[in-house]
Amino acid sequence: MVVTEAGPESQAEWDTFVRAAPSGSFLQSWAWGEFQRAAGFPVTRLVVQADSLAHSSQLTAHSSNIRAVCLCVRRPLPLRRFSQHVPWGPVFKQSLSAADMATVLSALASAFRTRLRGGVFVRIEPKLPKESGITDLLKPAGFTPEERSIQPRDTRVLDLTKSEDDLLRAMHPKTRYNIRLASRHGVVVRENTTPRGLRMFLELARDVARRERFHYHPDRYYETLLTTLAPIGAIALRVAEHQGIPLAAGLFIRFGHTVTYAHGASSSRRKHVMAPYLLHWESILQTKASGVVRYDFFGVAPPGASVTHPWFGITRFKQGFGGTEEHYVGAADLITDPALYRMIEIGRSLRALLR
Numbered sequence: 015m016v017v018t019e020a021g022p023e024s025q026a027e028w029d030t031f032v033r034a035a036p037s038g039s040f041l042q043s044w045a046w047g048e049f050q051r052a053a054g055f056p057v058t059r060l061v062v063q064a065d066s067l068a069h070s071s072q073l074t075a076h077s078s079n080i081r082a083v084c085l086c087v088r089r090p091l092p093l094r095r096f097s098q099h100v101p102w103g104p105v106f107k108q109s110l111s112a113a114d115m116a117t118v119l120s121a122l123a124s125a126f127r128t129r130l131r132g133g134v135f136v137r138i139e140p141k142l143p144k145e146s147g148i149t150d151l152l153k154p155a156g157f158t159p160e161e162r163s164i165q166p167r168d169t170r171v172l173d174l175t176k177s178e179d180d181l182l183r184a185m186h187p188k189t190r191y192n193i194r195l196a197s198r199h200g201v202v203v204r205e206n207t208t209p210r211g212l213r214m215f216l217e218l219a220r221d222v223a224r225r226e227r228f229h230y231h232p233d234r235y236y237e238t239l240l241t242t243l244a245p246i247g248a249i250a251l252r253v254a255e256h257q258g259i260p261l262a263a264g265l266f267i268r269f270g271h272t273v274t275y276a277h278g279a280s281s282s283r284r285k286h287v288m289a290p291y292l293l294h295w296e297s298i299l300q301t302k303a304s305g306v307v308r309y310d311f312f313g314v315a316p317p318g319a320s321v322t323h324p325w326f327g328i329t330r331f332k333q334g335f336g337g338t339e340e341h342y343v344g345a346a347d348l349i350t351d352p353a354l355y356r357m358i359e360i361g362r363s364l365r366a367l368l369r
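Each number in this note's numbering comes from the position in the sequence shown (counting from 1) with 14 added on.
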């Protein structure tokens, strides 16, 4: 296997490959890399190809030579060091054999050590189930499984090829009731992918952060997200209002056949009108009408989680809409500076104890 870097001329081919791969997602799309770059995080795009003829930085969309692609995002660490994060990646070609997958992982491990020098570790998060067999291939390639994942390793997905009636029938009765209740109360859902819509979202997010100590990104993160993805139609911001008062909002990212509920917030006011339920139902209907076939709720608590799990409440809310859960292998680290890596892990553990 040969690893090269994809140049700007490869954008269309890159996205074609990621869309076609079962493990592809918006987090490995070209646009997501551009967003990360605009947010101040350098990116590197690696391509794994099958033989030494693969020396060009330009992908060939119709070639069977490509085995995987990998968007790496550089994150700062203390002492002027950094890590590399591969969100829901690398992305492997469909129906890749275990032997080829093992070779790809080894090639990437070598490339991480040589092309991304100066980092403390590289964290990959393949969007693959345990049944894929990748878990057994990580350690031999030099990766250490990590309990803490940055991206969700458990999520819930709706199949939008079903009819509207079938989607409603698959919901929990209480969810169906709350959708109708919100409609009777006069809740209205509007798309507002504008700076004004973003201000509504940020106000609601601050409400959530105050009452639940939930961590959101800085405002600038969401501003950059909109300015990067909105011009290409890859993001929608929807707001549920009651009598002109914003009560719930969500950011929905589209890539390929999937729309992902990436960020959400709701008000502590007028909870009785059930605005978040209608927000999602209207988003599901609009997503379905656009021809997208998967609606990803993007993160639920793991199976068997207790009521004390921080995601227990939001998981129960998402489960009410039906769909099926998907579970991925989670994170694994390639450690390139063991001493500093241990120091960072100790520091994180201490901070967690003091919270």
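The beta carbon of each residue, even a glycine, is placed where N, CA and C say it ideally should be.
query	result
What is the rounded straight-line gap between the Cα of residue 271 and the Cα of residue 298?	13 Å
Using the rule of at least 16 other Cβ atoms within 10 Å of the residue's Cβ for burial, across every protein chain shown, is residue 131 buried or exposed?	exposed
For residue 168 versus residue 342, is the C-beta distance shorter than 9 Å?	yes
Per the contact definition of three or more C-beta pairs closer than 8 Å, is the segment 99–109 in contact with the segment 30–43?	yes
Can you find at least 3 beta carbon pairs, one from the segment 253–265 and one from the segment 206–214, that sit closer than 8 Å?	yes
Where do the ends of the beta strand (DSSP E) carrying residue 309 lie?	308–310
Do you know offhand how far residue 320's Cα is from residue 326's?	7 Å
Out of 192, 149, 307, which one is the CA nearest neighbour of residue 140?	149
According to DSSP, is residue 169 helix, strand or coil?	strand
Would the beta-carbon of residue 338 fall within 9 Å of that of residue 180?	no
Excluding five sequence neighbours on each side, which residues of the same chain lie with their C-beta closer than 8 Å to the C-beta of residue 284?	256, 259, 261
Going by beta carbon distance, what residues of the same chain come within less than 7 Å of residue 235, once the five residues before and after it are set aside?	53
Can you tell me which of 281, 248, 359 puts its alpha carbon nearest to the alpha carbon of residue 43?	248
DSSP on residue 211, reduced to helix/strand/coil?	helix
Below 6 Å CB to CB, which residues in the same chain sit around residue 201 once its five sequence neighbours on both sides are set aside?	254, 256, 287, 289, 292
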